[in-house]
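For the sequence shown, this note's numbering puts the final residue at 396, and the numbers step up evenly by one.
Yeah, the Cβ is synthetic: ideal placement off N, Cα and C, and Gly gets one too.
Bear in mind the structure is a predicted one, so any value in this text is a computation, not a measurement.
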Amino acid sequence: MKIGVVSEFYYPLWGGVSEHIRAVGNALKERGHDVTVITSHMRGESNNLGPRVLRLGRSVPVRYNNSLSRFSLGWRLGGEMKALLEEEDFDVLHLHSPLQPTLTHLALRHARCPVVATFHSYYPRDMLVEAFQLPLRRLLRKVDIRVPVSAAALRPVERLFPGDYRIIPNGVDYDLFASADSLTLPGLEPGKLRILFVGAMVKRKGLPHLLEAFAQIGAERDDVELLVVGDGPGRRRVERSLSRKVRDRVHFLGPVTKRSKLAGYYASADIFCAPSLGRESFGMVLLEAMAAGLPVVGFDIEGYRDVVTHGRDGLLVQPGNARALGEALKYFIDSPESRRRYGERGRAKARDLDWNAIALRVEGVYRDVLGQPEALVDDKDSDEERLVVGV
């Protein structure tokens with residue numbers, strides 16, 4: 006099967022969409038398919054991560070809706086996309102984040118084969134999307150099967166764009182995160198219990214709430230450390246806000262660009278905390294933590310509820326409530342047995358969501374849209390949740 010994958014987001018841009026495309030693409034390649042990623046030129050680009058990569062136009066960052074988005078520019082972008090699709094003659098075209106201009110829209114306009122689209126984002130209310138609802142609806146009629154990554158990603162788009170939706174979640178490189186060795190980190194004392202945060206230092210990721218909760222914990226115990234992996238425009242402000250009592254126990258480790266090192270950070274921790282305040286469609290860091298055998302603590306938001314089962318593999322508390330967050334963390338700090346039990350349950354869940362299993366479900370969608378017979382796979386791996394939303 007010859008598969009074309011179109012996305013504004015791909016490496017060297019780190020994030021859930023890039024990793025989804027890379028991991029599923031590699032798994033499909035291993036199953037004998039021909040996979041090509043179509044994205045844009047950007048600084049630091051590399052085309053040696055797995056699937057073949059073709060780049061059109063120039064990626065431009067745009068701040069929108071309290072986050073950094075991107076779209077592609079180029080004088081002849083439309084003509085280049087049309088010529089590329091004619092030359093490649095794909096069997097199926099897979100668009101990622103199809104509400105995002107410009108590459109996905111151009112690909113839809115010039116598509117010569119069946120089209121699948123994956124919706125990654127959570128749009129609780131997007132004025133721009135709603136303003137262009139009618140032209141977007143006309144454009145999305147060319148999409149044969151729509152695939153949200155979660156119920157949280159489904160709900161906003163089904164309201165605006167009724168149709169056939171099939172939820173296929175994000176996945177995780179289970180073997181990488183389950184088998185990683187802990188890192189020897191300078192400045193950290195051996196024998197201390199470690200809480201881990203992984204994410205951008207932007208408002209919606211909620212790091213200040215975790216720091217407030219950690220200050221409460223630090224007032225009672227001196228054997229707990231906080232590891233912060235990530236970077237962002239708010240880093241200096243966050244560092245300045247730290248209480249003197251806990252400042253030497255909060256370690257800012259910076260951004261990470263190697264997944265093996267990221268897995269090592271998880272292996273070096275005892276508890277994972279994700280204090281995001283909202284606008285999360287899934288939370289891939291939760292799956293990574295589960296694969297590493299860590300209990301998860303976070304705020305009870307859409308997207309996270311699709312991953313974490315409260316009281317089984319993690320604890321979800323009232324969004325923005327630092328005191329409740331601290332109490333949930335202390336529950337695991339005080340109970341090694343609870344950490345072990347929750348961690349084992351989470352690891353079992355993550356094992357079932359390995360990227361190879363997700364790729365089989367994506368392949369099943371391709372076969373459906375092409376009218377091909379199903380591949381010989383386990384029923385568990387090929388059973389995607391189907392939802393039809395009435396027009």
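Rounded separation between residue i and residue j - CA only
i	j	result
Asp383	Ala296	Low local confidence applies: a pLDDT of 48 at Asp383 is under 50, so the model's placement there is unreliable, with the coordinate-based value given in what follows. So the alpha carbons of these two residues sit roughly 21 Å apart.
Lys210	Pro378	43 Å
Ser265	Ala272	11 Å
Leu215	Ala185	25 Å
Gly235	Ala183	21 Å
Ser102	Ala224	44 Å
Ala353	Lys197	26 Å
Ala274	Tyr336	16 Å
Leu282	His315	17 Å
Asp227	Pro324	26 Å
Asp39	Lys7	5 Å
Glu35	Asp359	15 Å
Leu145	Leu59	24 Å
Arg356	Tyr179	6 Å
Leu201	Leu104	33 Å
Neighbourhood of residue i by C-beta, 7 Å cutoff - its chain only, sequence neighbours within 5 removed
i	result
Val313	Leu291, Val301, Gly303, Gly319 and Leu321
Leu78	Gly62, Arg63 and Val65
Gly259	Asp236
Cys118	Phe95, Asp96, Val97 and Leu98
Ala32	Trp360, Asn361 and Ala364
Given residue i as reference, the closest of the options once Cα atoms are compared
i	options	result
Asn361	Gly237, Arg252 and Gly30	Gly30
Glu4	Gly79, Leu18 and Arg81	A question about residue 4 goes unanswered here, because the residues of the chain that appear run from 6 up to 396.
Ile150	Leu100, Gly62 and Arg143	Leu100
Leu82	Pro195, Val97 and Ala112	Ala112
Gly55	Ser340, Val261, Tyr170 and Val10	Val10
Pro280	Ala333, Lys250, Pro260 and Pro238	Ala333
Gly37	Val374, Glu368, Glu24 and Arg142	Glu368
Gly204	Val154, Thr262, Val148 and Pro153	Thr262
Ser23	Thr44, Lys34 and Met6	Thr44
Tyr371	Gln105, Val148, Arg240 and His115	Val148
Glu342	Tyr170, Gly298, Gly308 and Leu330	Gly298
Val152	Pro238, Ile172 and Leu181	Ile172
Arg240	Ala268, Glu217, Gly269 and Val207	Val207
Buried or exposed (CB count within 10 angstroms, at least 16 for buried), residue i
i	result
His46	exposed
Glu390	Only weak support exists for where Glu390 lies, its pLDDT of 48 falling under 50; the value from the coordinates is given anyway. That one is exposed.
Pro195	exposed
Gly84	exposed
Val396	Any reading at Val396 must be qualified, since the residue scores a pLDDT of 30, below 50, and its modelled position is unreliable; the value itself is stated next. Val396 is exposed by the Cβ-count criterion.
Ser187	exposed
Ser12	buried
Cβ neighbours of residue i in the same chain (closer than 8 Å, five flanking residues each side left out)
i	result
Gly20	Phe14
Thr107	Glu13, Gly62, Phe76, Ser77, Leu78 and Leu82
Heavy atom of the ligand ATP within 8 Å of residue i beta-carbon
i	result
Phe14	Judged by which ligands are present, the structure shown has none, so any question about the ligand ATP falls away.
6 Å CB neighbourhood of residue i in its chain, flanking five on each side removed
i	result
Arg57	Thr41
Ala220	Ser248 and Val251
Arg284	Tyr127 and Arg209
Evaluate the contact criterion for the region 280 to 290 versus the region 339 to 348: three or more CB pairs, one atom per stretch, below 8 Å. no
Counting pairs of beta carbons, one from the region 185 to 192 and one from the region 150 to 167, are three or more of them closer than 8 Å? no
Below 8 Å, how does it come out for the region 136 to 149 and the region 73 to 89: are there three or more Cβ pairs, yes or no? no
Segment contact flag, the region 242 to 257 with the region 214 to 232, C-beta cutoff 8 Å, min 3 pairs: yes
For the region 119 to 130 against the region 152 to 159, do three or more pairs of beta-carbon atoms, one drawn from each stretch, fall closer than 8 Å, so that the two count as touching? yes
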